[in-house]
Amino acid sequence: MAELLLKERIKSWRASILPKSFYLRRTDKVAEKLLGKVLVRMTPEGVISGLIVEVEAYFGSEDPASRARKGGDLRRTLYGDVGLALVYGIHRQWMLNVVAHTEDEGGAVLFRSLEPLEGLETMREFRRVFKDELLTTGPGRLTKALGINKSFHKKPLYVRDHGLWIEDRGVKLREDEVIRGFRVGVSEDLPTPYRFGVKGSPFISRKF
DNA sequence: CGCCAGATTGACT
DNA sequence: GTCAATCTGGCGG
Numbered sequence: 113m114a115e116l117l118l119k120e121r122i123k124s125w126r127a128s129i130l131p132k133s134f135y136l137r138r139t140d141k142v143a144e145k146l147l148g149k150v151l152v153r154m155t156p157e158g159v160i161s162g163l164i165v166e167v168e169a170y171f172g173s174e175d176p177a178s179r180a181r182k183g184g185d186l187r188r189t190l191y192g193d194v195g196l197a198l199v200y201g202i203h204r205q206w207m208l209n210v211v212a213h214t215e216d217e218g219g220a221v222l223f224r225s226l227e228p229l230e231g232l233e234t235m236r237e238f239r240r241v242f243k244d245e246l247l248t249t250g251p252g253r254l255t256k257a258l259g260i261n262k263s264f265h266k267k268p269l270y271v272r273d274h275g276l277w278i279e280d281r282g283v284k285l286r287e288d289e290v291i292r293g294f295r296v297g298v299s300e301d302l303p304t305p306y307r308f309g310v311k312g313s314p315f316i317s318r319k320f
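Under the working numbering, the residue at position 174 of the first sequence is numbered 286, and the numbers go up by one with no gaps.
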C-alpha cells in the first residue's frame, strides 16, 4: 500500500480554527471529521503541531468502555459543553479527548495518533526518543510530545487562549481513505467499530 | 484514607 | 510474544 503523508496536502492559507459548533453532532461523525485536522500546541519553546491520523469515539453511559460509567467529574464533563478538552490519566499517561455529542447526549473523541508537523525538535525533547514514528503514535505518546497534562482539562479547544486548539488547513480525505476498526485496549467494546484512521499513514499507532 | 480497575508504554524473553 | 511499572479518579468506610 502506498504511504500517505497528510502534510503534503496542506493548504495552509486556508487555516482556520474549528468552531464550537463543529463538535455538536454525533460523536462518531465528529471523530471521522477530525481526521486530517491539525492539533496545535503553543508553548514557550514555540509551536508544536500534528495532523490527526487516528481517533476513537466514546459515548455516554450506554457505552461499556466509556468513562461516563465511572460517574463523577468524568461523566459530568462527557455530558457537558462540547468542544472542551477532557484529560484524564491512566497508567501514568495523559489521555486527550474532546467532548463532542448531540444535545442531551454524552460523548468524546480520543486522540490516538498524530503525524508530526511542527516543533519536532521540542517533541524529541519532551519524549526523549528520536524516531519520528515514535513521537506521537499513541494516545500517551502524543500528549507527552505536545506537553499536554491535566491542566488542560475542561479548556475549550475552539479558542487559542489556552495554547491548545484544532485547525483546519484544508486537508481533505476521500471516503476510501478512512479505515474503521474496533477500539484499542477496551475490555468490552460495542458491536460497531468506532476507531477511525487514515489509510496508509505511517503514523498509525497499531495495525487496524 | 485504602482499594482497585484501567482508552498504555517500554523493557525484556 | 509476555509483563509490570506506576498513577489517576471514583467510591466505600
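Here a beta-carbon is modelled for each residue, glycine too, at the ideal position from N, C-alpha and C.
D280 carries a strand assignment under DSSP once its states are collapsed to helix, strand and coil.
R224: member of the beta strand (DSSP E) spanning 219–230, first to last residue. Contact check for G231 against V283 fails: the beta carbons are separated by 8 Å or more. If you ignore the 5 residues before and after K132, its C-beta comes within less than 6 Å of the C-beta of G195, Y270, all in its own chain and listed in chain order.
Of the other Cβ atoms in all chains shown, fewer than 16 fall within 10 Å of the Cβ of G183; this residue is therefore exposed.
Assignment of beta-bridge partners to G293 by DSSP yields R307. Under the three-state reduction of DSSP, Y191 is assigned to coil, being neither helix nor strand. Beta-bridge analysis with DSSP links P268 to L196. Apart from the 5 residues on each side of it in sequence, Y135 sits with its Cβ closer than 6 Å to the Cβ of V142, V194, G195, A212 in its chain, given in chain order. Annotated three-state conformation of G259 is coil, per DSSP. According to the DSSP assignment, L163 belongs to the beta strand (DSSP E) that extends over 158–171. Residue pairing of M154 in beta bridges, as defined by DSSP: V159. Look at V210 here: in three-state DSSP terms it is strand.
Only buried fits R253, as 16 or more other CB atoms lie within 10 angstroms of its CB. Remark: C-beta atoms of R224 and S317 approach each other more closely than 8 Å.
Taking a contact as a CB-CB distance under 8 Å, the pair K149 and D244 does not count as one, their CB atoms being some 20 Å apart. Judged by beta-carbon spacing, L276 lies within the 8 Å limit of A197, meaning their Cβ atoms are closer than that value.
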